[in-house]
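Just below is one structure, and these are the notes that go with it.
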Amino acid sequence: MKIVVGVSGASGVVYGYRLLERLKALPAVETHLILTRSGERTLYLEMGLRGAALKELADYSYPLEDIGCRLASGSYRTDAMVIAPCSIHTMSAIASGISANLLIRAADVALKERRKLILLVRESPFHLGHLRHMAALAEMGAIIAPPVPAFYHRPQTVADIVDHSIDRVLDLLGVPDAQIKRWQPE
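Numbering (our numbering), first residue to last: 494 to 679.
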């Protein structure tokens with residue numbers, strides 16, 4: 494399975510980092526990373542890590558400006574794309590079809606080729622413009638999946654809360670992972 498992972502500059506870069514960590518542990522998954530400059534800055538501010546640390550988790554990584562690379566073409570087959578975290582700027586550009594960089598172009602390719610596109614939109618609260626862009630993207634086939642915490646699994650750490658959102662993403666991708674914690678009613 495080939496998964497494109499985009500990391501934008503929204504707060505919550507840990508979601509992209511943890512997704513890449515989890516996918517790296519699965520030998521049947523090949524990952525392709527697109528890291529924005531804002532995402533790289535947020536990675537440093539929130540986790541104290543350089544972009545190289547994120548790139549090491551991916552099988553392939555691409556410069557944001559490389560609009561001519563294979564991910565910019567629908568003829569290059571991938572199975573899905575996840576943007577984690579997805580900034581409102583990135584989400585709005587995708588919804589508007591503005592392919593100004595590789596991250597937005599790759600998302601546009603996923604939509605036009607009817608491939609799964611999952612956006613972990615990181616913003617709160619939403620105004621009407623945000624919601625309209627989300628509705629438009631959902632109509633185009635994207636999955637809007639803000640990383641909203643759940644507590645039925647009784648998280649003990651921030652990592653537990655992050656992993657719950659990543660578990661949901663892995664389920665949406667159809668990627669089996671024995672680490673996924675599921676609802677277990679008493």
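We put the CB at the ideal spot given by N, CA and C, even for glycine.
As the structure is a computational prediction, the values presented were derived from the model and not from experiment.
{"Item": "C-beta contact flag for L663 and D653 at 8 Å", "Value": "no"}
{"Item": "Whole-angstrom C-beta distance between L630 and M710, which should lie under 8 Å", "Value": "Given a span of 494 to 679 for the chain in the structure shown, any question on residue 710 remains unanswerable."}
{"Item": "DSSP bridge partner residues for G499 (one or two, in chain order)", "Value": "I527 and I576"}
{"Item": "Short Cβ contact (8 Å threshold) for L519 with V500", "Value": "no"}
{"Item": "Spatial neighbours of C562 in its chain, beta-carbon cut-off 7 Å, leaving aside the 5 residues before and after", "Value": "Y555 and L595"}
{"Item": "Beta carbon of R607 nearer than 8 Å to that of G634", "Value": "yes"}
{"Item": "DSSP bridge partner residues for V614 (one or two, in chain order)", "Value": "C579"}
{"Item": "Cutoff 6 Å; reference L613; Cβ partners in own chain excluding five residues on either side", "Value": "Y508, A577, P578, C579, A638 and P640"}
{"Item": "For K548, three-class secondary structure by DSSP", "Value": "helix"}
{"Item": "For S658, the three-state DSSP class (helix, strand or coil)", "Value": "helix"}
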